[in-house]
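So the structure is just underneath, and the comments pick up after that.
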Amino acid sequence: MTAIEASDLQRAAKEHLWMHFTRMGGYGVADVPIIVRGDGCYLEDSNGKRYLDALAGLFSVNIGYSFGDEIGQAAHEQMRELPFYTNWSYAHPRAIELAAEVASLAPGDLNRVFFCSGGSEAVESAWKLARQYYLARGQKELLGIVTPGARAGAQEQEAETMHDAIVVAATQSTPRRYKAVARHIAYHGTTLGALSINGIPAIRAPFEPLVPEVRHVSNTNRYHRPEEETEAQFTRFLLDELEQAILAMGPDTVCLVHMEPVQNAGGCFTPPEGYWRGVREICDRYDILLSADEVITAFGRLGCWFGSERYDIRPDIVTCAKGLSSSYAALGAVVATDRVMEPFLGATSMFSHGITFGGHPVMCAIALKNIEIMKRERIPEHVGATEDAFRSTLAQLLDLPIVGDLRGTGFFYAIELVKDKDTRETFSDEECEKLLRGYLSNALFDAGLICRADDRGDPVIQISPPLVAGQAEFDEITSILGEVLTEASTLMR
Numbered sequence: 005m006t007a008i009e010a011s012d013l014q015r016a017a018k019e020h021l022w023m024h025f026t027r028m029g030g031y032g033v034a035d036v037p038i039i040v041r042g043d044g045c046y047l048e049d050s051n052g053k054r055y056l057d058a059l060a061g062l063f064s065v066n067i068g069y070s071f072g073d074e075i076g077q078a079a080h081e082q083m084r085e086l087p088f089y090t091n092w093s094y095a096h097p098r099a100i101e102l103a104a105e106v107a108s109l110a111p112g113d114l115n116r117v118f119f120c121s122g123g124s125e126a127v128e129s130a131w132k133l134a135r136q137y138y139l140a141r142g143q144k145e146l147l148g149i150v151t152p153g154a155r156a157g158a159q160e161q162e163a164e165t166m167h168d169a170i171v172v173a174a175t176q177s178t179p180r181r182y183k184a185v186a187r188h189i190a191y192h193g194t195t196l197g198a199l200s201i202n203g204i205p206a207i208r209a210p211f212e213p214l215v216p217e218v219r220h221v222s223n224t225n226r227y228h229r230p231e232e233e234t235e236a237q238f239t240r241f242l243l244d245e246l247e248q249a250i251l252a253m254g255p256d257t258v259c260l261v262h263m264e265p266v267q268n269a270g271g272c273f274t275p276p277e278g279y280w281r282g283v284r285e286i287c288d289r290y291d292i293l294l295s296a297d298e299v300i301t302a303f304g305r306l307g308c309w310f311g312s313e314r315y316d317i318r319p320d321i322v323t324c325a326k327g328l329s330s331s332y333a334a335l336g337a338v339v340a341t342d343r344v345m346e347p348f349l350g351a352t353s354m355f356s357h358g359i360t361f362g363g364h365p366v367m368c369a370i371a372l373k374n375i376e377i378m379k380r381e382r383i384p385e386h387v388g389a390t391e392d393a394f395r396s397t398l399a400q401l402l403d404l405p406i407v408g409d410l411r412g413t414g415f416f417y418a419i420e421l422v423k424d425k426d427t428r429e430t431f432s433d434e435e436c437e438k439l440l441r442g443y444l445s446n447a448l449f450d451a452g453l454i455c456r457a458d459d460r461g462d463p464v465i466q467i468s469p470p471l472v473a474g475q476a477e478f479d480e481i482t483s484i485l486g487e488v489l490t491e492a493s494t495l496m497r
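Quick note on this note's numbering: the sequence shown kicks off at 5 and runs consecutively.
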């Protein structure tokens, strides 16, 4: 790329492009970072500078950036065969094949796959599915009152009238389950329903009032809990709070508990022993669907195909995206158990939801090739085999006075930054602004490292590289972080 071409891109970016979650005023004078190519775990900008992508795009380019030719060929072949057709009352081979592939990888009887365009849509679809599931189940139970013999003996018009009356009766007699429970600080997307499930007030506030009614309970961050509290006591506290929230909402009005296996926002909160077993028991006790948000944690990031498998969550619904195609395509999915699907299998039943591009044949072809590559290269196994080395390398940063905690698993980690390591005192809002946006974000980028400095909760740096990373990348990530955070410690004294 020539200097003239680069300057043209800069001008066009500043005049026409509206970037996501970006303070656009910051580019009045400064250049917009323009990434033009990638290979392996590395990216290159329009000025020829290389960066180690320690965030895998947005926790999503699981196979890294070097498989474009192979995946591009799969997309090209699908374009020639069938560039598009919808899944609205029709099917096509790639959607069928991908649904079967995802079902084969998902744990338990998560056998039915509904495709959409990304993670936010997956969460939105899961909540809609949970809301309609109970209505569909109630309608089917009432329809079962009419025996096959009785239907056979009725005139066609009488049968239709009877069916319509039963559907209305089911809707009126079944308590409306529409509420959801999620966790504080959790991020679940930006469409209006997904935004309502978000546990981050600053992201929700500009768009309120939102979809009713969601309550948020404590997440599994132990770092600021009482030091004398045991893990078992922490688990009991979390489960008691969840159950009390459900009781306060009215159990027969709650349709969904929606949580990530390892929570991203706030900094990679892993679950304490017994937590997921207890959540599953509470959902069973009150007949509530348990939804695992695996938009980030599925497809190898935790060293297995699904995080639900690693923690034996046994969800009724899973949402996924990102690693499903390693972000080589815009694709998401809701995966449901046979039990959740069953009420929708009646002759007149229907999930009243659809998305034009859900299950797009080219996107599905790309995802199939992505999964083929992950299997061939044994990428989940690589994460499982090297996660301890990754953690121990990052753990060197705990020697720095500004680093209070290292948490996470697989290739999914965060370090929490503190003002006082002994007391675990965090930084004020003004200090976070100075530390994260005033210094760290720019300093890390200038040093050639892409990761996320975030304060949705306490200030953290999130580290989540492509799943093809090895010891050389672990060392480089840690070395750059060490240099920049050493300078940050001096700056914040």
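Don't be surprised by glycine CBs; every beta carbon is placed ideally from N, CA and C. These numbers come from a predicted model, not from an experiment.
What are the boundary residues of the alpha helix (DSSP H) that includes residue i?
{"i": "isoleucine 250", "result": "235 to 253"}
{"i": "methionine 378", "result": "365 to 380"}
{"i": "threonine 397", "result": "383 to 398"}
{"i": "phenylalanine 449", "result": "445 to 450"}
{"i": "methionine 28", "result": "That residue, methionine 28, is in no alpha helix (DSSP H); it is neither H nor E in DSSP."}
{"i": "glutamate 101", "result": "97 to 109"}
{"i": "aspartate 433", "result": "433 to 436"}
{"i": "tyrosine 279", "result": "279 to 289"}
{"i": "methionine 83", "result": "72 to 85"}
{"i": "alanine 206", "result": "205 to 208"}
{"i": "alanine 190", "result": "Where alanine 190 is concerned, there is no enclosing alpha helix (DSSP H), given that its DSSP letter is neither H nor E."}
{"i": "phenylalanine 63", "result": "60 to 63"}
Could you spell out the range, first to last residue, of the beta strand (DSSP E) harbouring residue i?
{"i": "valine 40", "result": "39 to 43"}
{"i": "alanine 269", "result": "First-last for alanine 269: undefined, no H or E at that position."}
{"i": "leucine 47", "result": "46 to 49"}
{"i": "glycine 408", "result": "407 to 413"}
{"i": "phenylalanine 119", "result": "114 to 120"}
{"i": "valine 221", "result": "218 to 221"}
{"i": "glutamate 420", "result": "416 to 421"}
{"i": "arginine 181", "result": "First-last for arginine 181: undefined, no H or E at that position."}
{"i": "methionine 263", "result": "258 to 263"}
{"i": "aspartate 57", "result": "54 to 57"}
Does the beta-carbon distance from residue i to residue j come in below 8 Å?
{"i": "tyrosine 315", "j": "proline 265", "result": "yes"}
{"i": "valine 261", "j": "valine 185", "result": "yes"}
{"i": "leucine 502", "j": "isoleucine 67", "result": "In the structure displayed, the chain extends from 5 to 497; residue 502 sits before or after that span and is not available."}
{"i": "lysine 326", "j": "phenylalanine 63", "result": "yes"}
{"i": "cysteine 259", "j": "isoleucine 292", "result": "yes"}
{"i": "threonine 195", "j": "glutamate 298", "result": "no"}
{"i": "alanine 498", "j": "cysteine 272", "result": "The structure shown does not extend to residue 498, since the chain is modelled only from 5 through 497, so no value can be given for it."}
{"i": "alanine 190", "j": "threonine 323", "result": "no"}
{"i": "leucine 1", "j": "glutamine 466", "result": "No answer is possible for residue 1: the residues shown for the chain start at 5 and end at 497."}
{"i": "alanine 369", "j": "glutamine 82", "result": "yes"}
{"i": "threonine 413", "j": "glutamate 391", "result": "yes"}
{"i": "glutamate 233", "j": "isoleucine 286", "result": "no"}
{"i": "glycine 270", "j": "asparagine 225", "result": "yes"}
{"i": "arginine 219", "j": "alanine 249", "result": "yes"}
{"i": "aspartate 320", "j": "serine 295", "result": "yes"}
Take the Cβ of residue i as the centre, count every other Cβ of all protein chains shown within 10 Å, and call the residue buried at 16 or more, exposed below.
{"i": "glycine 157", "result": "Reliability of the predicted coordinates at glycine 157 is poor, the pLDDT of 42 falling under 50, and no value is obtained from them."}
{"i": "glutamate 231", "result": "exposed"}
{"i": "leucine 349", "result": "exposed"}
{"i": "arginine 343", "result": "exposed"}
{"i": "glutamine 143", "result": "buried"}
{"i": "leucine 401", "result": "buried"}
{"i": "alanine 389", "result": "exposed"}
{"i": "histidine 20", "result": "exposed"}
{"i": "arginine 155", "result": "Low per-residue confidence applies at arginine 155: pLDDT is 42, beneath 50, and the placement is therefore not dependable, though the value from the model is reported in the following sentence. It is exposed - the Cβ of arginine 155 has fewer than 16 other Cβ atoms within 10 Å."}
{"i": "tyrosine 55", "result": "buried"}
{"i": "isoleucine 149", "result": "Note that isoleucine 149 has pLDDT 49, beneath the 50 cutoff, so the model's placement of it is unreliable and the number below is only indicative. With fewer than 16 Cβ atoms within 10 Å of its Cβ, isoleucine 149 is classed as exposed."}
{"i": "aspartate 244", "result": "exposed"}
{"i": "methionine 263", "result": "buried"}
{"i": "glycine 52", "result": "exposed"}
{"i": "methionine 354", "result": "exposed"}
{"i": "proline 469", "result": "buried"}
{"i": "glycine 72", "result": "exposed"}
Taking 7 Å as the limit between beta carbons, can you name the residues of its chain near residue i, skipping five residues before and five after?
{"i": "tyrosine 443", "result": "Ala492 and Leu495"}
{"i": "lysine 425", "result": "Pro405 and Gly408"}
{"i": "threonine 151", "result": "At threonine 151 the pLDDT is 39, less than 50, meaning the model places this residue with poor confidence; the figure from the coordinates comes in the next sentence. If we look at threonine 151 and ignore the five residues flanking it on each side, it has no Cβ neighbours."}
Closer than 7 Å to a non-hydrogen atom of the ligand NAP - does that hold for the CB of residue i?
{"i": "valine 127", "result": "Among the ligands in the structure shown, none appear at all, so the ligand NAP cannot be discussed."}
Taking 6 Å as the limit between beta carbons, can you name the residues of its chain near residue i, skipping five residues before and five after?
{"i": "glycine 358", "result": "Trp92"}
{"i": "alanine 16", "result": "none"}
{"i": "phenylalanine 478", "result": "Phe394 and Thr397"}
{"i": "alanine 473", "result": "Cys45"}
By Cβ distance below 8 Å, which residues in the same chain neighbour residue i in space, the five residues on each side in sequence not counted?
{"i": "isoleucine 383", "result": "Asn66, Ile67, Gly304, Ile377, Leu471 and Val472"}
{"i": "alanine 78", "result": "Ala369, Ile370, Leu372 and Lys373"}
{"i": "tyrosine 182", "result": "Arg135, Pro216, Glu217, Thr257 and Cys259"}
{"i": "tyrosine 89", "result": "His96 and Pro365"}
**OP:** Starting from the N-terminal side, write out each stretch of the beta strand (DSSP E) that is 3 residues or longer and does not extend beyond the segment 454 to 485.
**Re:** 456 to 458 and 464 to 467
Original post:
Considering only residues of the segment 286 to 363, which uninterrupted beta strand (DSSP E) runs meet the minimum length of 3 residues and lie entirely inside it, listed in chain order?
Top reply: 293 to 297, 321 to 324 and 336 to 341
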